[in-house]
Every structure is written in C-alpha cells, then in structure tokens.
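Numbers 90 to 307, taken from this note's numbering, label the letters of the sequence shown in order.
Remarks on the structure that follows.
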Amino acid sequence: AVGGRPKLVDIPGGREHCITSDDIFSMKEEPGSCLVIGASYVALECAGFLTQMGYPTTVMARSDVFLRGFDRDMAREVVEHMAHSGTRFLTNTTPTEVVKSQPQELKQEGGGGEGVEADGTGKSTSGFDRLTVRYLQHDEDAGGVLKEEHFDTVLLAIGRYPNTEGLGLESAGVVLNSDSKKVVVDEFDRSSVEGIYAVGDAAEGRPELTPAAIAGGR
C-alpha cells in the first residue's frame, strides 16, 4: 500500500501552469474560475465542491463517458445532477496548450471565465495570472476544431500512478504491469513472489478507492 501521485498532462504548459487534486487544498488564493481536466471520480469530486463553493467550474473530458468502471446509469445521474447544479461540461475535447493570458485576450470573452473580470494586466481581480487553454473540440463531421478559453485555475485529474518505482520490486521478482506500474496480484492480493502482497492503488485491477484499500488491508 504505497500510495500514488497524480499524472500530469503532456502538453505545452501542462506542468508549468496546471495544478492537481493534491494542490487544490494548499492554494494561497481563491481558485476563481476553474477548469478541471478529467472524467474520473476525482475530477467530478473536485468540480462538484468547487461549483458548490461558488466558483465557475468547467469539466473537460476527451469523451462523453464519465466514471469508467462504475455503473453507467449512476454515472449519468451524477453528471446530470452536476450539470443541473451549475457545473459546465466540455466533452469530446482534448487540451493542446496552457499559457498565461495576454491582456488583449481578456476583453469580455466568454467561456469558463464568465463573471470573472480581469484588471487589464492579464490577471484576475483576485490578483493571479489568468490562463488561456487551447483545445481541440472533436466533431464527427468537421474533425477537430481548435478553440480557446480563459480560466484562473486549471486542475488536472486524469489519473494517478503508484509509488512503486525505487522499491526494487522487479529486482525481487515482483511482476508489474508494464503500463500502469502496478503490482500484478491474484484474487487474494498475492504478488508473483511468495510473502509479498499489494493492496490499494498499488494493486493491478483493484478500484482506486479508499474503502477498497482498507478492505484489502484487512
């Protein structure tokens, strides 16, 4: 049970200008208008409480399927409830770049920044730099259409990876999934090496949920 860290998006500005779900609670300033990138339960959880706290919030996902691995009817109910409560959804979209906004770009433009004024310097009225997010809107007829919107905070929630690197697991003979780097386990959480078990986010094929990890540890 080694825990995990958020994945980052591999686009220009993705590392420099975006935060993750690990960072949202340590911000020094209010987040302002927010873009949450991802379709996981972490993405919807963050978007939900940001909306309820009064911050204009948009969720961007590469498809129209949210909460993969969960019951489809319940997932649709969650998204519909969030949309009814004020969360905006951009589906079938892929971010391509995140840059600091220039003052001339912020003249009464809509999108995610609606209702948040800029002071003419490229900063929001909260005092932090605004961000321009460029993305592809996928359309079956027109293909990809390049668009852009402005936000104060861009939060990445596109998944997590386990802290299995540096533990010497492969040297010990423990088999890891080559893509996810999670430990391959059987139905009893046993790895490929006798006496070594993996539970929680470190185990391949297990739900990335705290109750599941606790149950596995017991």
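The beta carbon of each residue, even a glycine, is placed where N, CA and C say it ideally should be.
Per the DSSP secondary-structure output, phenylalanine 240 pairs in a beta bridge with Leu220.
Using a 10 angstroms sphere on the CB of phenylalanine 114, the tally of other CB atoms stays under 16, which defines it as exposed.
With respect to the C-alpha of histidine 227, the residue from Ala150, Val243, Ala132, Met163 having the closest C-alpha is Ala150. Just measuring C-alpha positions, the residue of Ser280, Asp241, Asp268, Gly233 sitting nearest serine 190 is Asp241. With a cutoff of 9 Å on beta-carbon distance, arginine 104 and arginine 249 are scored as not near each other. For arginine 307, no alpha helix (DSSP H) encloses it, and the DSSP letter there is neither H nor E.
Scanning its chain for C-beta atoms nearer than 6 Å, with the 5 sequence neighbours on each side dropped, one finds around glutamate 297 the residues Asp290, in chain order. Looking from the CA of leucine 139, the closest CA among Ser129, Ser152, Leu124, Asp153 belongs to Leu124.
Per the coordinates, the alpha-carbon of leucine 245 lies some 25 Å from the alpha-carbon of glycine 232. Here leucine 179 is buried. Its C-beta has 16 or more other C-beta atoms within 10 Å.
When the beta-carbon positions are compared, serine 281 and valine 288 stay at least 9 Å from each other. Judged by DSSP in its simplified three-state form, glutamine 191 adopts coil rather than helix or strand. Glutamate 186 carries a strand assignment under DSSP once its states are collapsed to helix, strand and coil. Less than 9 Å separates the beta-carbon of valine 167 from that of leucine 133. For a cut-off of 8 Å, the C-beta gap from lysine 271 to glutamate 237 is around 36 Å, too long to register as a contact. Taking C-alpha positions only, asparagine 252 is separated from aspartate 230 by approximately 42 Å.
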